[in-house]
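Worksheet: the structure to be examined is printed underneath.
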Amino acid sequence: MTVGILGIQILGILFGLFMIYYVFLHRKRKELTIKEYSFWIFLWILFIILTLFPWLLNPIVQSIGFARTMDFFIVAGFMFLIGSLFYIYLLVRGNQKKIEEIVRKVAFEKK
Amino acid sequence: MKFVVIPAYNEENHIKQVISETKKYISNIIVVDDGSKDKTIEEAKKENVIVLKHIINLGKGAALKTGCDYAIEHGASQIIALDADTQHEPLQIPDFFKELENVDVVLGYRKLNKEMPSILKLGNWFINKITKLLYGITLHDTQCGYRAFTADAYKQIKWKASNYSMESEMIANIGKKRLKYKEIPIKTIYADKYKGTTLIDGIKIVCNLFWWRLSK
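Chains A and B supply the protein sequences, listed in that same order. Mind the numbering: the first sequence is residues 135 to 245 in this note's numbering, read in order. Mind the numbering: the second sequence is residues 87 to 302 in this note's numbering, read in order.
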């Protein structure tokens, strides 16, 4: 049981480290501002800390009624993913509309 | 003023023929090149008609909207939409304008024949039934792109879809705005079986029909 949890923790830490490297790479390519960079680095460090010491979340997890921290992670993860999906959907829709308007404007001007 | 709008995507082999045939019946012709990768735009320009170019491919709905908006800006009172792949015969343009004197929208419908691919027949039948169920409009063919409408009607049926769903969205808007419409039979030639509405487009159209019913 302990080995299983440890395995998940190792996976989580590796994932967190990979994401930090990914964020760092994009900062080096100047694709992220210093604010964005700081925010994402903070988020992934927090993710690694919580993976290493899940008991830190015990007060929150127990007060909400979850039996295990892992359950809390899964539910919170799903909520975050669905929220992100909706946000990205709106973003893509908005961008599509803007692109269409620009293309139409160019078509009219370059007639 | 009467205008014909021809959205075109990679139609270098057909566009010249379509324009020269169309010229016999109307002088105001707008070709919208929807980001073609071939020589569609060069071929269209040889015919001395209005040519608008989308710098990237957006889809038939967006291209037709660009053409219609341009026509309206330049004083169009009646507009005909025609496909660029020789599927629609310009010979019938006068019939559309004649019918448009009494209604807001004239819709062409393809007579079922052996040339029409079976998947298209089945898809059309299904979409027609859904359209009747949701919007109370009985049509022979909801997916035919040969259509004519008045400038006032265009403002009411203006679609948001940038792809092939626009044909269904237009029908949905006709139903919701309770516009007067008429169908006329057209002869269709299937020049390219790999272009036009696909099975996936059909599924998207059906989903959209339900969505438009609920959302507007």
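Beta carbons are placed, not taken as given, at the ideal position from N, Cα and C, and that holds for glycine. Every value quoted in this text rests on a predicted model; they were computed, and no experiment measured them.
When you compare the CB of residue i with every CB in chain B, is at least one pair closer than 7 Å?
i, result
"Val-240(A)", "yes"
"Lys-232(A)", "no"
"Val-226(A)", "no"
"Val-237(A)", "yes"
"Lys-245(A)", "yes"
Quick one: is residue i buried, meaning 16 or more other Cβ sit within 10 Å of its Cβ, or exposed?
i, result
"Met-135(A)", "For Met-135(A), the pLDDT reaches just 44, beneath the cut-off of 50, and the residue's location in the model is therefore unreliable, leaving the point undetermined."
"Gly-261(B)", "buried"
"Met-256(B)", "buried"
"Gly-209(B)", "buried"
"Thr-185(A)", "buried"
"Tyr-232(B)", "buried"
"Asn-214(B)", "buried"
"Pro-180(B)", "exposed"
"Asp-205(A)", "exposed"
"Met-213(A)", "exposed"
"Trp-178(A)", "buried"
"Lys-197(B)", "exposed"
Can you give me the C-alpha to C-alpha distance between residue i and residue j, rounded to a whole angstrom?
i, j, result
"Ile-168(A)", "Val-157(A)", "11 Å"
"Lys-131(B)", "Asn-99(B)", "14 Å"
"Ser-248(B)", "Lys-146(B)", "6 Å"
"Ile-275(B)", "Glu-235(A)", "33 Å"
"Glu-220(B)", "Glu-243(A)", "The displayed chain sequence assigns Leu, not Glu, to residue 220(B). One C-alpha to the other measures close to 40 Å."
"Ile-246(A)", "Lys-164(A)", "Because chain A here runs from 135 to 245, residue 246(A) falls outside it and cannot be looked at."
"Asn-192(A)", "Leu-151(A)", "24 Å"
"Tyr-195(B)", "Ala-210(A)", "52 Å"
"Ile-228(A)", "Arg-299(B)", "At residue 228(A) the sequence reads Gly, which differs from the Ile that was named. Gly-228(A) and Arg-299(B): Cα-Cα distance of roughly 22 Å."
"Phe-173(A)", "Ile-142(A)", "25 Å"
"Thr-284(B)", "Ile-105(B)", "26 Å"
"Tyr-156(B)", "Met-87(B)", "13 Å"
"Ile-115(B)", "Trp-211(B)", "32 Å"
"Lys-139(B)", "Ile-222(A)", "29 Å"
Could you check whether the Cβ of residue i sits closer than 7 Å to any Cβ belonging to chain A?
i, result
"Val-141(B)", "The sequence shown places Ile at residue 141(B), rather than the Val named in the question. Answer yes: the Cβ-Cβ gap between Ile-141(B) and chain A drops below 7 Å somewhere."
"Ala-94(B)", "no"
"Leu-144(B)", "yes"
"Leu-138(B)", "yes"
Whose CA, out of the options, lies closest to the CA of residue i?
i, options, result
"Ile-216(B)", "Lys-241(B), Leu-295(B), Glu-97(B)", "Leu-295(B)"
"Lys-263(B)", "Leu-208(B), Asp-190(B), Gly-209(B), Lys-197(B)", "Asp-190(B)"
"Ala-148(B)", "Phe-152(A), Gly-141(A), Lys-232(A)", "Lys-232(A)"
"Ala-239(B)", "Leu-198(B), Val-192(B), Lys-110(B), Asn-214(B)", "Val-192(B)"
"Ile-166(B)", "Ile-92(B), Thr-172(B), Ile-142(B)", "Ile-92(B)"
"Lys-207(B)", "Glu-187(B), Glu-269(B), Cys-230(B), Leu-265(B)", "Cys-230(B)"
"Ile-112(B)", "Ser-122(B), Leu-168(B), Thr-228(B)", "Leu-168(B)"
"Tyr-267(B)", "Lys-125(B), Asn-143(B), Ala-234(B)", "Ala-234(B)"
What would DSSP say about residue i, mapped onto helix, strand or coil?
i, result
"Tyr-171(A)", "helix"
"His-160(A)", "helix"
"Gln-229(B)", "coil"
"Ala-234(B)", "strand"
"Gly-222(B)", "coil"
"Leu-177(B)", "helix"
"Glu-269(B)", "strand"
"Lys-88(B)", "strand"
"Asp-171(B)", "coil"
"Asp-190(B)", "coil"
Counting contacts by CB-CB distance shorter than 7 Å, is residue i in contact with chain C?
i, result
"Leu-150(B)", "Of the protein chains in this structure, namely A and B, none is chain C."
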